[in-house]
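Numbering follows full-length UniProt numbering, in which position 263 of the sequence shown is assigned residue number 263; successive positions increment by one, without gaps.
We treat Cβ as the ideally placed atom computed from N, Cα and C, and that holds for glycine.
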Amino acid sequence: MAKGNKASRGKIILVAGGAGFVGSHLCTALLGAGNRVICLDSYLTGSPANLIGLQANPYFAMVEQDVCDEIDIDEPVDQIYNLACPASPPSYQADPIHTMMTSVTGTGNLLRLAERHGATFLQASTSEIYGDPEEHPQQENYWGHVNCTGPRACYDEGKRAAEALCFDSLRAGSVDTRVARIFNTYGPHMRPNDGRIVSNFIVQALRNEPLTVYGSGEQTRSFCYVSDLVDGLIRLMNRKENPAVPVNLGNPGEFTVIELAELVLSRIETASTIVHEPLPADDPQRRRPDIARARKLLGWEPKVPLEDGLTHTIAWFQSALAGSRAERRSGRTRRQPQLSVVTQDL
């Protein structure tokens, strides 16, 4: 059970997956807005290091738990954000069955928690539900082109099933659910080895390693800076009227993978070059959100240009990698922050 300071302060908000890349930024923003935040995370892909600076806040509490286990919170909860799922291919393919169950069983557990507390629920879905799309750009009414038995299905189909659970709960009148379909997002707190394209290129360039481009590099992506995404999630959660439809959140600026690689190389002093490797199975060829719905319903659109976001992200990785090198040279390991942690074995 989560414990901590129960003083009255804004809303009480549970962030599942709150120690992850996006989740940690969301926790920070929610605390800054005057709320009490309960972070629930198993640390499978999240990290206590992402929560440094939050642990001393009396309005922050940590529950270390897998969402696939039954969840019990012993205080009122007003809102629940579900970001609990590995989001990069190497991470979600490492244990595909657990990935699927995180989206299905985990989302079901959190929805039941929301129903018990009368909490508003936001599901962090993904552009991956569109698969390798035959429609471009992707609108929310597009049903997708997904290989339901391929190596990415554990994530793609898991997220599609989670959306179904959310909308069934909404239609049943049991939970006020909202669904955000998140497109490629980047920024500080990304894991250096998470396999995502922005972090891959930055880390490889900083280490003077070849930048690995899969396929021709002409496939496209859109890149949304994490602060813009967090703003969109909070707007969707706090919209007074439930949209009753999924909402794309992403940057409609479209870049080829080669363009991104060249942009990273232009911003880092490095000996790296570009090398090409075979394209992974079911890798989408084009990915760009249509955000007309987000503009209309939320008054939201991204503000941070890719060039500016990369500058902040590169600086963060430079600091993080320098710290890791210093620790290895000294023979020390990084000391984990002391958090208010309660482990639940239910």
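Specify, as a first and last residue, the run of the alpha helix (DSSP H) that residue i falls within.
| i | result |
| --- | --- |
| Phe21 | Phe21 to Gly32 |
| Ser227 | Val226 to Asn238 |
| Tyr92 | Pro89 to Ala94 |
| Val264 | Val257 to Arg267 |
Under DSSP, the beta strand (DSSP E) around residue i begins and ends at which residues?
| i | result |
| --- | --- |
| Met62 | Phe60 to Glu64 |
| Asn248 | Val247 to Leu249 |
| Asn242 | Where Asn242 is concerned, there is no enclosing beta strand (DSSP E), given that its DSSP letter is neither H nor E. |
| Asn82 | Gln79 to Asn82 |
With DSSP collapsed to three states, give me the class of residue i.
| i | result |
| --- | --- |
| residue 348 | With the chain running from 1 to 346 in the structure shown, residue 348 is simply not present. |
| Leu113 | helix |
| Cys39 | strand |
| Gln139 | coil |
| Ser272 | coil |
| Ile129 | helix |
| Ile13 | strand |
| Ala161 | helix |
| Leu122 | strand |
| Thr105 | helix |
| Thr99 | helix |
| Gly18 | coil |
Does the ligand SAM have a heavy atom nearer than 6 Å to the CB of residue i?
| i | result |
| --- | --- |
| Val264 | The ligand SAM is not part of this structure, which contains no ligands at all. |
Between residue i and residue j, how many whole angstroms is the CB-CB distance? I'm expecting something under 8 Å.
| i | j | result |
| --- | --- | --- |
| His189 | Ser24 | 5 Å |
| Leu110 | Asn82 | 5 Å |
| Ile268 | Ala205 | 4 Å |
| Thr120 | Asn208 | Incorrect: roughly 48 Å between the Cβ atoms, too far for contact. |
| Val175 | Glu218 | At roughly 42 Å, the Cβ-Cβ gap does not stay under 8 Å, so Val175 and Glu218 are not in contact. |
| Leu113 | Arg178 | 16 Å between Cβ atoms; not a contact. |
Runs of alpha helix (DSSP H) wholly within the segment 281-327 (minimum 4 residues, chain order): Counting only unbroken stretches of 4 or more residues, the alpha helix (DSSP H) elements lying wholly within the segment 281-327 are 292-298, in sequence order.
Is the segment 217-236 touching the segment 245-261 in the sense that three or more CB pairs, one from each, lie closer than 8 Å? Touching, yes.
Under 8 Å: do the segment 231-246 and the segment 270-286 share three or more Cβ pairs, one atom per stretch? The count of Cβ pairs closer than 8 Å, one atom from the segment 231-246 and one from the segment 270-286, stays below three, leaving the stretches out of contact.
Mind pulling the beta strand (DSSP E) runs of 3 or more residues that sit fully within the segment 164-218? Listed in chain order, the complete beta strand (DSSP E) runs (minimum 3 residues) inside the segment 164-218 are 177-182 and 211-214.
Given 8 Å as the limit, is there contact between the segment 100-108 and the segment 64-72, that is, 3 or more CB pairs closer than that? By the criterion of at least three beta-carbon pairs nearer than 8 Å, the segment 100-108 is in contact with the segment 64-72.
Do three or more CB pairs link the segment 256-271 to the segment 291-298 at distances below 8 Å? As far as the Cβ criterion goes, the segment 256-271 does not touch the segment 291-298, which means the pair count is below three.
Three Cβ pairs or more, each shorter than 8 Å: is that satisfied between the segment 149-168 and the segment 50-60? Verdict: no, contact absent.
Touch check for the segment 170-185 and the segment 127-147: three-plus C-beta pairs under 8 Å? In this structure the segment 170-185 lies against the segment 127-147, because at least three pairs of beta carbons, one per stretch, are closer than 8 Å.
Cβ contact (3+ pairs, closer than 8 Å) linking the segment 84-100 and the segment 129-148: Verdict: no, contact absent.
Touching or not, the segment 193-203 and the segment 32-40, by the rule of three or more beta carbon pairs under 8 Å? No, the segment 193-203 does not touch the segment 32-40.
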